[in-house]
Amino acid sequence: MSFEVPDDCRYLDSHEWARRENGTVRVGISEFAQDELGDVVFVELPAEGDSLTRGEAFGVVESIKAVSDLYVPVSGVVTATNEDLVTAPELVNEAPYGDGWMLEIDPDDPSTLEELLSPDSYREQIE
Amino acid sequence: MRATDSLGMSLRQSPITHETKTMAFGGWEMPVEFDSIRTEHAAVRGSVGKFDVSHMGQIAVSGPDAGRLLQRLTTNDVSELDPGEAQYTAITDERGVMLDDTVVYRLPESRPGYLFVPNAGHDTAMYDRWVTHRDRWGLDATVENRTDAYAMVAVQGPAAAALLGEHTDLSLSALSRFDIAAGRVAGVDALVARTGYTGETGFELLCATDAAERVWDALACQPCGLGARDTLRLEMGFLLSGEEFHPEENPRTPFEAGIGFAVDLDTEFLGRDTLADARDPAERVVGVMLRERGVPRGGYTVTTADGDPLGQVTSGTMSPTLGEPIALAYLPTAYAEAERPVRVEIRGEPKNGHTTTPPFVS
Numbered sequence: 000m001s002f003e004v005p006d007d008c009r010y011l012d013s014h015e016w017a018r019r020e021n022g023t024v025r026v027g028i029s030e031f032a033q034d035e036l037g038d039v040v041f042v043e044l045p046a047e048g049d050s051l052t053r054g055e056a057f058g059v060v061e062s063i064k065a066v067s068d069l070y071v072p073v074s075g076v077v078t079a080t081n082e083d084l085v086t087a088p089e090l091v092n093e094a095p096y097g098d099g100w101m102l103e104i105d106p107d108d109p110s111t112l113e114e115l116l117s118p119d120s121y122r123e124q125i126e
Numbered sequence: 000m001r002a003t004d005s006l007g008m009s010l011r012q013s014p015i016t017h018e019t020k021t022m023a024f025g026g027w028e029m030p031v032e033f034d035s036i037r038t039e040h041a042a043v044r045g046s047v048g049k050f051d052v053s054h055m056g057q058i059a060v061s062g063p064d065a066g067r068l069l070q071r072l073t074t075n076d077v078s079e080l081d082p083g084e085a086q087y088t089a090i091t092d093e094r095g096v097m098l099d100d101t102v103v104y105r106l107p108e109s110r111p112g113y114l115f116v117p118n119a120g121h122d123t124a125m126y127d128r129w130v131t132h133r134d135r136w137g138l139d140a141t142v143e144n145r146t147d148a149y150a151m152v153a154v155q156g157p158a159a160a161a162l163l164g165e166h167t168d169l170s171l172s173a174l175s176r177f178d179i180a181a182g183r184v185a186g187v188d189a190l191v192a193r194t195g196y197t198g199e200t201g202f203e204l205l206c207a208t209d210a211a212e213r214v215w216d217a218l219a220c221q222p223c224g225l226g227a228r229d230t231l232r233l234e235m236g237f238l239l240s241g242e243e244f245h246p247e248e249n250p251r252t253p254f255e256a257g258i259g260f261a262v263d264l265d266t267e268f269l270g271r272d273t274l275a276d277a278r279d280p281a282e283r284v285v286g287v288m289l290r291e292r293g294v295p296r297g298g299y300t301v302t303t304a305d306g307d308p309l310g311q312v313t314s315g316t317m318s319p320t321l322g323e324p325i326a327l328a329y330l331p332t333a334y335a336e337a338e339r340p341v342r343v344e345i346r347g348e349p350k351n352g353h354t355t356t357p358p359f360v361s
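From first to last, the protein sequence lines stand for chains A and B.
Once you know that position 75 of the first sequence is 74 in numbering that gives the first Met the number 0, the rest is easy, because the numbers rise by one and skip nothing.
Once you know that position 63 of the second sequence is 62 in numbering that gives the first Met the number 0, the rest is easy, because the numbers rise by one and skip nothing.
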């Protein structure tokens, strides 16, 4: 099975994606990651205004069978979280790059995004 | 390449080939999920699903003293079984501690003898236990470990009888719960038992390993993995070996584990004398439901509403049927007798809920 790896995102080897959108960076988990987890039932996210440091855990995603930490791709301040996930965590399964996004970060240094895995490198990792 | 477990041991393989995600379970490599746990779970509750449960052990016991040997090594009353009947039971040691839970089948008259079904990876230990005690007690019985000769397929759900009925010469309506009959399924010799571990009506089929794929393929319905098997049994409050009991890590009597109904103290069995004095345990397995979001999992601490520790979760999940977090935990017996407020600590955060008596779904 081959998984979607959009070219407009950068990736962590822990399967988060990060995409630049109107000055902020939107973050979620990859299609591969949601498939590994199975049915997502709960997503725990930080609060708006929280400062996050690249590489630290920012939250948790729980599926019926597993629990997994979520890691920060770029340092910055949380400007938004996806509140739809509170009542509809299954959006992470249904649209991991779309309605299943998790948070938006105002990055301290947008250029650090380029240090993350390229789509090709991430594709190699999950092959 | 053969799959290995975390210690590099080669994993046992089902005779049925599955093109899906697998996991190591009791030394076997078994399917964990075919579509999604939610889809598979809903199929079994709403219509029908099939499970490859070839990881379950099969120990055949025959000969003049077969019934006596089983009687002395299991907690339930084997003498109640007529040919073609089965019972749920526990296997305890001298301390009354559960080594396994199992179903003992007294086979139909055409194939005299007994069969019992230890949990995954327990077949060798249980075979050894039966042989050792047979010899110690000088009983005349033949004990065979048939685990690698048999495949086992469970077909479960309200539409299971209709589906299986299309593929067998047996009259399924004549099979009561816990009955077993010999017949043909998909043109293959099989034992068909009206047993299962999902809480739904259903059947478990035993056939020769080389015929297993024929049976599996003939039963056209939702394939289900160990993930859905776990959520289905948890909603019923059924025990899972290794989680609700483990002879070393979590030694429990059948009374603590809530299966006192499977203990007959009027029979003679290993552990009986200890258990006779253990009918009112200080702790019991209790159902816990949370009203706050989060998934209670094995090892999490259960506390009073004030935060005083009470016990530990043994297994838990987000119930697919209820959409609510559910768990089993060992708590002081008073918590089994009435609904009481409790909390489960999930990653340091107390989540409010209450105790309840399983099943969680009716």
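From the three backbone atoms N, C-alpha and C, an ideal C-beta is built for every residue, glycine too.
These numbers were taken from a predicted model, which means no experiment stands behind them.
Taking only the alpha-carbon atoms, compute the straight-line gap between residue i and residue j and give it to the nearest angstrom.
{"i": "E336 (chain B)", "j": "R342 (chain B)", "result": "17 Å"}
{"i": "R25 (chain A)", "j": "P95 (chain A)", "result": "12 Å"}
{"i": "L84 (chain A)", "j": "T313 (chain B)", "result": "28 Å"}
{"i": "E255 (chain B)", "j": "G286 (chain B)", "result": "13 Å"}
{"i": "V130 (chain B)", "j": "D34 (chain A)", "result": "45 Å"}
{"i": "T146 (chain B)", "j": "I125 (chain A)", "result": "36 Å"}
{"i": "D272 (chain B)", "j": "D279 (chain B)", "result": "14 Å"}
{"i": "V77 (chain B)", "j": "F268 (chain B)", "result": "11 Å"}
{"i": "A277 (chain B)", "j": "V262 (chain B)", "result": "12 Å"}
{"i": "T91 (chain B)", "j": "T73 (chain B)", "result": "7 Å"}
{"i": "I193 (chain B)", "j": "L264 (chain B)", "result": "Per the sequence shown, residue 193 (chain B) should be read as Arg rather than Ile. Using only the alpha carbons, I get a separation of about 26 Å."}
{"i": "E93 (chain A)", "j": "G270 (chain B)", "result": "52 Å"}
{"i": "A333 (chain B)", "j": "E55 (chain A)", "result": "42 Å"}
{"i": "R1 (chain B)", "j": "D99 (chain B)", "result": "Since pLDDT at R1 (chain B) reaches only 44, below the 50 mark, its modelled position is unreliable, and the value read off the structure follows with that caveat. The alpha-carbon atoms of R1 (chain B) and D99 (chain B) are separated by roughly 28 Å."}
{"i": "T354 (chain B)", "j": "A23 (chain B)", "result": "32 Å"}
{"i": "G22 (chain A)", "j": "F202 (chain B)", "result": "59 Å"}
{"i": "L106 (chain B)", "j": "G257 (chain B)", "result": "27 Å"}
{"i": "P14 (chain B)", "j": "G97 (chain A)", "result": "41 Å"}
{"i": "T52 (chain A)", "j": "E43 (chain A)", "result": "17 Å"}
{"i": "G56 (chain B)", "j": "A119 (chain B)", "result": "6 Å"}
{"i": "F2 (chain A)", "j": "F33 (chain B)", "result": "17 Å"}
{"i": "R44 (chain B)", "j": "W136 (chain B)", "result": "45 Å"}
{"i": "L114 (chain B)", "j": "N81 (chain A)", "result": "54 Å"}
My output table needs one value for residue i: the three-state DSSP class, helix, strand or coil.
{"i": "M0 (chain B)", "result": "A caution first: M0 (chain B) carries a pLDDT of 36, below 50, which makes its placement in the model too unreliable to give a value."}
{"i": "T111 (chain A)", "result": "helix"}
{"i": "D139 (chain B)", "result": "coil"}
{"i": "G226 (chain B)", "result": "helix"}
{"i": "L70 (chain B)", "result": "Per the sequence shown, residue 70 (chain B) should be read as Gln rather than Leu. Of the three classes helix, strand and coil, the one that applies to Q70 (chain B) here is helix, per DSSP."}
{"i": "L10 (chain B)", "result": "coil"}
{"i": "I15 (chain B)", "result": "coil"}
{"i": "T91 (chain B)", "result": "strand"}
{"i": "F254 (chain B)", "result": "coil"}
{"i": "L309 (chain B)", "result": "strand"}
{"i": "G164 (chain B)", "result": "helix"}
{"i": "H245 (chain B)", "result": "strand"}
{"i": "E234 (chain B)", "result": "helix"}
{"i": "S318 (chain B)", "result": "coil"}
{"i": "S172 (chain B)", "result": "helix"}
{"i": "I125 (chain A)", "result": "helix"}
{"i": "T356 (chain B)", "result": "coil"}
{"i": "T266 (chain B)", "result": "coil"}
{"i": "Y196 (chain B)", "result": "coil"}
{"i": "A119 (chain B)", "result": "coil"}
Which residue or residues does DSSP assign as beta-bridge partners of residue i?
{"i": "V77 (chain A)", "result": "A:I104"}
{"i": "N351 (chain B)", "result": "B:R342"}
{"i": "K49 (chain B)", "result": "B:V154, B:P222"}
{"i": "L51 (chain A)", "result": "A:G75"}
{"i": "E84 (chain B)", "result": "B:R105, B:D178"}
{"i": "N144 (chain B)", "result": "B:I58"}
{"i": "V187 (chain B)", "result": "B:V184"}
{"i": "R271 (chain B)", "result": "In DSSP, R271 (chain B) forms no bridge with anything."}
{"i": "Y10 (chain A)", "result": "A:W16, A:L116"}
{"i": "S24 (chain A)", "result": "Checking the sequence, you will find Val at residue 24 (chain A) rather than Ser. A:R19, A:I104, per the DSSP bridge assignment."}
{"i": "R283 (chain B)", "result": "B:L330"}
{"i": "G201 (chain B)", "result": "B:Q155"}
{"i": "V59 (chain A)", "result": "A:E43, A:D68"}
Open item on the list: At 4 residues or longer, what runs of the alpha helix (DSSP H) sit wholly inside the stretch 19-45 of chain B?
Closed with: 36-45
For the stretch 34-49 of chain A, which residues have a beta carbon sitting closer than 7 Å to at least one beta carbon of chain B?
G37, D38, V40, F41
Review point. Using Cβ-Cβ distances below 9 Å, what residues of the stretch 60-82 of chain A are close to chain B?
Key: E61, S62, I63, K64, V66
- Interface residues of the stretch 301-327 of chain B facing chain A [CB-CB below 8 Å]: For the stretch 301-327 of chain B, the set of positions with a beta-carbon nearer than 8 Å to some beta-carbon of chain A reads T316, M317, P319 in chain order.
Counting only Cβ-Cβ distances shorter than 8 Å, please list the residues of the stretch 16-43 of chain B near chain A, keeping chain order.
Those residues of the stretch 16-43 of chain B that come within reach of chain A (Cβ to Cβ, closer than 8 Å) are V31, E32, S35, I36, R37.
Practice prompt. With 8 Å as the C-beta to C-beta threshold (strictly closer), list the residues of the stretch 333-346 of chain B near chain A in chain order.
Written response: R346
Item to check | chain A contacts made by the stretch 282-303 of chain B, where a contact means CB separation under 8 Å | outcome: Cβ contacts with chain A come from R292, G293, V294, R296.
**Q.** Contact residues within the stretch 219-233 of chain B, judged by C-beta distance below 7 Å to chain A
**A.** G226, T230
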